[in-house]
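Chains as they are written, first to last, in my numbering: chain B, 62 to 359; chain R, 975 to 1084. Glycine included, C-beta positions come from ideal geometry on N, C-alpha and C. See structure below.
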Amino acid sequence: MARRDFWQAEAQAAEVLKKRKISTLPIDPFGIATGEGIVCERLHGCGVSGCLSGANNTFGIFYSDSIPSEGFRRFTVAHELGHYFLEGHYKHIFADGNSRHVSDSGYSSDDPFEREADAFAAALLMPSALFKSACSRVAPGFKAIETLSEKCVTSLTATAIRYADLSDDPIAVIGSKDNRVQFAFMADLLKQRRDLTWPKKNSGIPDGTATHRFNRDPKNVAQSKRMTSTALMDVWFDCGGTAYVSEEVVGLGPSYGLTLTVLVAEPLRDAADEEEESEENDLENMLPSDRWRQPRED
Amino acid sequence: MADIFAERLRAARELRKMSQSDLAEKTGLMPSAVSHFETGRRSPSFANLKALSDALNVTTDYLIGRSDDMHVSSAVSSKLLRHAEKMSDEDLDTITRMAEMMAKKQTKKE
């Protein structure tokens, strides 16, 4: 299931919020579960992040008490709600004959049902319209992710991924560990560019970037340090040219052991704009008699 | 599993003498969704399953083929029991007589 195929998750999350007339941030996944008659319980010493259990019309969501952040706990419950609200998930959940299903939410699974439940959780906690509206009030970059994360009460990682998905700016977010890419998402404006080679999962972080330097010292990640720099776009995307990207690097602390990189490219000029501008310049450089001879477009 | 669900949904609906529209109205689903579920073109969510099983007085486990017990006794009786535990003797007496009357009425209909 490609990322673009998660329209059902997006639509279902919107439907859940609409039915309950929820239109302000932050969204309360525990309240939604309770309203459905689903019991939510913290589970001690649980090796997974969450679990949906069901038998004879009674459903429960259990989440691990070892999850360090409130944002991650909320995402885990929203992920399990995804299994509850999304069509066809019961076959996946009860496929092994069990009455319960355990999940590791947080974009770590390659299973399409898990990924769809992640997409539902993101859309439920960070609804497109509310998120975009909040997004438009802050300048692109890590500060925007931090602000949105506070508004939505979601983890920096989940917020960063949603931000890349919905932003109207030319931005990209990359999660890395030991100088290897763990995930990489880019906004539509960058996806539209055919000349960019996108960092793939498990590929190396390019040498010479601030992220590469940052990751060389594990203390930077553990102590949640930050670094800001600029890099040639070519270094990250192998696209040639002399355009630059701003590069903000943040350590996400010892529990995650991840580094988050936010790249913001210079505003992009599309070919149509350049052509139009070039035509205008040509027109300005023409003699009045030549301009007169230009064909008119009515 | 989808075929079992489709068959059992239709069987339970017919047992309760409901049309697809009746069931749709009772569950808040679109009539086309009920039709798609019964033909196996669409799979329900747990939320749909819960709404359908509540409306049809069967358990979700029965609908998806995890239990062969068609009767609703366990689910309904446990619900009734939960309420009954909080009632006075007088209320319990009233509700028992009401239940007897409703059961007699149903027997006459059948």
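Asked                                                                                                                                                                    : Found
Starting from S995 of chain R, find everything on chain B with Cβ-Cβ shorter than 8 Å and list it in chain order.                                                        : Ordered by position in chain B, no residue passes the 8 Å Cβ test against S995 of chain R, which lies about 21 Å from the chain.
Quick check: N118 of chain B and K1000 of chain R, are their CB atoms within less than 8 Å of each other?                                                                : no
Go ahead and pull the three-state DSSP assignment for Q253 of chain B.                                                                                                   : coil
Closer than 8 Å by C-beta to T291 of chain B: which residues in its own chain qualify, once you throw out the five before and the five after it? Chain order, please.    : Y305, V306, S307, E308
Does Y124 of chain B get closer than 8 Å to chain R when you measure Cβ to Cβ?                                                                                           : no
Between the region 253-264 of chain B and the region 229-242 of chain B, do three or more beta carbon pairs fall short of 8 Å?                                           : yes
Determine the closest residue to F123 of chain B out of B:M187, B:A221, B:L142, B:G96, with distance taken between C-alpha atoms.                                        : B:L142
Helix, strand or coil: which one does DSSP assign to C300 of chain B?                                                                                                    : coil
For A178 of chain B, which residues of its own chain have a beta-carbon under 8 Å away from its beta-carbon, when the five flanking residues on both sides are left out? : A70, H140, E141, G143, H144, L147, H150, S164, S166
By the DSSP assignment, the beta strand (DSSP E) with T320 of chain B in it spans what residues?                                                                         : 320-326
Going by DSSP, what residue range makes up the beta strand (DSSP E) through I235 of chain B?                                                                             : 232-238
Have a look at B:L251, B:A225, B:V296, B:L113 and flag the residue whose alpha-carbon is nearest the alpha-carbon of A183 of chain B.                                    : B:A225
Taking 8 Å as the threshold (beta carbon to beta carbon), is P1005 of chain R in contact with chain B?                                                                   : no
I need the straight-line Cα distance from D229 of chain B to D295 of chain B, nearest angstrom please.                                                                   : 22 Å
Give the DSSP-derived three-state secondary structure of R984 of chain R in the structure shown.                                                                         : helix
Taking 8 Å as the CB-CB limit, is E175 of chain B close to chain R?                                                                                                      : no
Going along the chain, which residues of the region 1013-1037 of chain R sit with their C-beta nearer than 8 Å to a C-beta in chain B?                                   : R1016, S1017, P1018, S1019, F1020, A1021, N1022, L1023, K1024, S1027, D1028, T1033, T1034, D1035
Between G265 of chain B and V325 of chain B, what straight-line distance do the alpha-carbon atoms span, to the nearest angstrom?                                        : 20 Å
Residues in its own chain within less than 6 Å of D87 of chain B by CB, not counting five upstream and five downstream?                                                  : Checking the displayed sequence, the identity of residue 87 of chain B turns out to be Pro instead of Asp. Correct list, in chain order: C213, V214.
Under a Cβ-count criterion, where at least 16 other Cβ atoms within 10 Å of its own Cβ denotes burial, should E1012 of chain R be classed as buried or exposed?          : buried
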